[in-house]
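First comes the structure, then the notes that go with it.
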Ligand code: ADP
Ligand code: MG
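Numbering (this note's numbering), first residue to last: 109 to 572.
Okay, structure coming up:
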């Protein structure tokens, strides 16, 4: 029986392009791998009873690995440099210690700032942390661009203890004198690699440069190379480095498929796969492409919407809420939505346009199979894209073959139960002829029982 490849470990050699073999910050992560036998509790990590009560109420019984690793050091006041994938639970890893250590602030002089790359993420972090902050009588506020400054200014004037912000808008407010970072004692940089990719580092540095006095800085990123390494060296003091190579829950539950399509069949195939999913996220390259695909999928009878950077903030929020609620089960997104964003229960991610590289593949794919749920990732591949996609697979340590399928291929209706062949064409001697082609219909692949998730219980991925 063929099993899907494990979720690639970012430390493995196939990713050495992104990861210089020389150690970047310290020689070794500071702590041995945590005991992940499930015995550690949040109380063991040092979380106080009032916050424990909120965790219990939210059904969070055991800390995730990144939390078990970083919370004790963060509570002790150390700078922490954490490398972890999306979906690993970083928000509480920094959020709980932050709330434990934050004091009530004076108006316009918050005690803590959390910098994030996107407005969606700012909202999500604020939402996830609000019940914990409320238990302490602390105020937090999400601050981001694309929306009126007025309410943010009002909130700051009334007094916000923890500001969760995108760097651009925060700088605007600092320049207007509506906020000062002079009293900031705790700084979090979340998804630092994405902030770097989006060109925000000068903005981040402008903010960090204005902070006076001693601070604790927690930095989280999927990669710690290049620009992130510089950030760590400039703004962290003797950081403890922790690394969670992959979220174990994700490894076991992600199914990957690579389907060869033509420009004529692509939309119909995407539509058939989407129709069988409970909540599906499709990724495209451009804003225009997102709008167009949502419209085209709509014409095939699906309730689909698009989300990208050109929409107004209120429209983005409405669309995300509809998607989270399930009233719009098909969402077409540009890479803006690829990272950090958390919506529960996305059972299928479709790379409608292939990702630019393996990092984008991993981050987009990380939108499903979060927090131990199962999920499937489908990449649609035009003939001329086969070579690039194979290269991406190789870089990500995946060897699932691209299998061409026609619109009426029955395997499309039950991709979860279809075992794709493994093995990639050799890089040097690549030719189109060597790609596995679909043996007529239902020809290939052994069948195996669904592994929970699709088609079972959740009204999810199943034969119609
Ligand atoms: P990341 O920031 O690493 O992408 P998140 O912090 O968004 O991941 O967490 C992913 C999901 O897991 C969220 O829905 C979050 O509420 C949930 N989660 C986090 N920690 C725990 C925990 N200890 N137990 C159960 N669920 C958790
Ligand atoms: Mg996060």
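Beta carbons: idealized from backbone N, C-alpha and C, even for Gly. All of these numbers come straight from a predicted model, not from anything done at the bench.
DSSP-derived helix/strand/coil call for residue i
{"i": "residue 368", "result": "strand"}
{"i": "residue 380", "result": "helix"}
{"i": "residue 308", "result": "coil"}
{"i": "residue 431", "result": "helix"}
{"i": "residue 329", "result": "strand"}
{"i": "residue 398", "result": "helix"}
{"i": "residue 342", "result": "helix"}
{"i": "residue 324", "result": "strand"}
{"i": "residue 349", "result": "strand"}
{"i": "residue 363", "result": "strand"}
{"i": "residue 538", "result": "Reliability of the predicted coordinates at residue 538 is poor, the pLDDT of 47 falling under 50, and the value obtained from them is presented with this limitation in mind. Three-state DSSP puts residue 538 in coil, outside helix and strand."}
{"i": "residue 116", "result": "Bear in mind that a pLDDT of 32 at residue 116, under 50, signals an unreliable position, so the model cannot answer this."}
{"i": "residue 131", "result": "Low confidence applies to residue 131: its pLDDT is 29, below 50, so where it sits in the model is not reliable, and the reading given next is rough at best. Coil."}
Integer-rounded CB distance, given that residue j should sit under 8 Å from residue i
{"i": "residue 178", "j": "residue 188", "result": "5 Å"}
{"i": "residue 158", "j": "residue 220", "result": "So it is not a contact: roughly 18 Å between Cβ atoms."}
{"i": "residue 205", "j": "residue 299", "result": "With 8 Å as the limit, residue 205 and residue 299 do not qualify as a contact, their Cβ atoms being about 18 Å apart."}
{"i": "residue 524", "j": "residue 363", "result": "6 Å"}
{"i": "residue 501", "j": "residue 511", "result": "With 8 Å as the limit, residue 501 and residue 511 do not qualify as a contact, their Cβ atoms being about 13 Å apart."}
{"i": "residue 329", "j": "residue 301", "result": "4 Å"}
{"i": "residue 405", "j": "residue 438", "result": "6 Å"}
{"i": "residue 203", "j": "residue 236", "result": "7 Å"}
{"i": "residue 414", "j": "residue 436", "result": "Actually they do not touch by this definition, with Cβ atoms about 10 Å apart."}
{"i": "residue 214", "j": "residue 291", "result": "7 Å"}
{"i": "residue 375", "j": "residue 513", "result": "In fact, because the Cβ distance is near 14 Å, the residues do not count as touching under 8 Å."}
Closer than 8 Å: residue i CB and nearest ligand 4 heavy atom
{"i": "residue 178", "result": "Ligand 4 is absent from the structure shown, which contains only ligand 1 and ligand 2."}
Residues sharing a beta bridge with residue i, DSSP
{"i": "residue 438", "result": "388 and 412"}
{"i": "residue 405", "result": "The partner list for residue 405 (beta bridge, DSSP) is empty, contrary to what the question assumes."}
{"i": "residue 313", "result": "Answer is none; residue 313 lacks a bridge partner."}
Chain C contact for residue i (CB, 9 Å cutoff)
{"i": "residue 261", "result": "Among the protein chains of the structure shown there is no chain C, as only one such chain exists."}
*Whole alpha helix (DSSP H) runs in the segment 453-516 with 4 or more residues, listed along the chain?*
466-473 and 494-504
*Length-filtered (3 minimum) beta strand (DSSP E) runs lying within the segment 180-260*: 188-192, 220-223 and 248-251
*Quick one: complete alpha helix (DSSP H) runs, 4+ long, within the segment 261-308?*
275-283 and 300-305
*Report yes or no: do the segment 451-465 and the segment 388-405 share at least 3 C-beta pairs separated by less than 8 Å?*
yes
*So, do the segment 413-429 and the segment 254-269 have three or more beta carbon pairs nearer to each other than 8 Å?*
yes
*Can you find at least 3 beta carbon pairs, one from the segment 331-351 and one from the segment 295-307, that sit closer than 8 Å?*
yes
*Would you check if there are 3 or more beta carbon pairs closer than 8 Å linking the segment 265-277 to the segment 229-237?*
yes
*Hey, is the segment 319-332 in contact with the segment 278-286, meaning 3+ C-beta pairs nearer than 8 Å?*
no
*asked:* With three or more beta-carbon pairs closer than 8 Å as the criterion, would you say the segment 264-271 touches the segment 180-194?
replied: no
*asked:* For the segment 376-383 against the segment 424-433, do three or more pairs of beta-carbon atoms, one drawn from each stretch, fall closer than 8 Å, so that the two count as touching?
replied: no
_Between the segment 207-216 and the segment 146-166, can you find at least three pairs of beta-carbon atoms closer than 8 Å?_
yes
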